[in-house]
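The opening position of the sequence shown corresponds to residue 1 in the UniProt record's numbering, with each subsequent residue numbered one higher. Beta carbons are placed, not taken as given, at the ideal position from N, Cα and C, and that holds for glycine. Predicted model, so just to flag it, every value in this text is computed and none were measured.
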Amino acid sequence: MFHCFSLFMDVVANTNAHNARESMMNQMMYSDINSRIGSCMPLSSMRIGTIIHNIELNPGQGGKLVRAAGTCAKILKEPTSKYCLIQLPSGVKKMIDSRCRATVGTVSNPSHGDKKLRKAGQSRWLGRRPVVRGVAMNPVDHPHGGGEGKSKSSGRWGKGSRTPWGKPTKSGFKTGPLKRRK
């Protein structure tokens, strides 16, 4: 029994050593032009239109951008010079050092946000606290709080809900910059 267990442990140790050695070689040898999905290489060795994720901001720092489930970025400009133009999932175009590395392909589990929570407790298990409306609070807790019952205190009688600086917040009050009148 002991001999069999030690043989198994040797196989596991050899397998782990092989994987570590292989990953180290993959890290060093990224000049291959035919990049496969999941391979990590510098932006300078990728082509225009390549879909990437887990992008470094500074060379050797580790992936910082595009790491959420189902997200991906796209290389827009050929990384011939020092910088490479990338379009992020938000649509923002960003110049990143061509020596920075990224992983080819998209992040897995794109349906992560589609899961419906069946009860409030599931949201609490995830660490999300309930959101309480300001009008349901007391005046000491929120600028919209207070009043008798569900009174909105708007219109001709009473004061409408206001910001801490006294400006109206609801009822169609214009908040944008003033346009020139015609």
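Between which residues of its own chain and R67 is the CB-CB distance below 8 Å, once the five residues before and five after are set aside?
H53, N54 and V107
Segment contact, 8 Å Cβ cut-off, at least three pairs: the stretch 88-98 with the stretch 123-141
no
What does the alpha-carbon distance come out to for the pair R36 and M46?
11 Å
E148 burial status per 10 Å Cβ neighbour count (16 or more: buried):
exposed
Which residues does DSSP pair with M46 in a beta bridge?
None; M46 has no bridge partner.
CA-to-CA distance, R118 to R124, given in whole angstroms:
12 Å
Whole-angstrom Cβ separation of K74 and C84, contact assumed at under 8 Å?
The Cβ separation is near 11 Å, so there is no contact.
To the nearest angstrom, how far is the alpha carbon of T50 from that of D114?
27 Å
Among the candidates Q87, K116 and P177, whose CA atom is the shortest distance from the CA of T71?
Q87
Give the range of the beta strand (DSSP E) segment to which A102 is assigned.
R101 to V104
Starting from G63, follow the beta strand (DSSP E) in both directions and report where the run begins and ends.
G63 to L65
Kindly list the residues whose CB is nearer than 7 Å to the CB of R101, restricted to its own chain and excluding five residues on each side of it in sequence; keep chain order.
C40, M41, P42 and E56
State the start and end residues of the unbroken beta strand (DSSP E) segment that holds A73.
A73 to I75
Given the structure, does D141 come close to the ligand NAP, in the sense that its CB is under 6 Å from one of the ligand's heavy atoms?
Ligands are entirely absent from the displayed structure, and the ligand NAP is therefore not among its contents.
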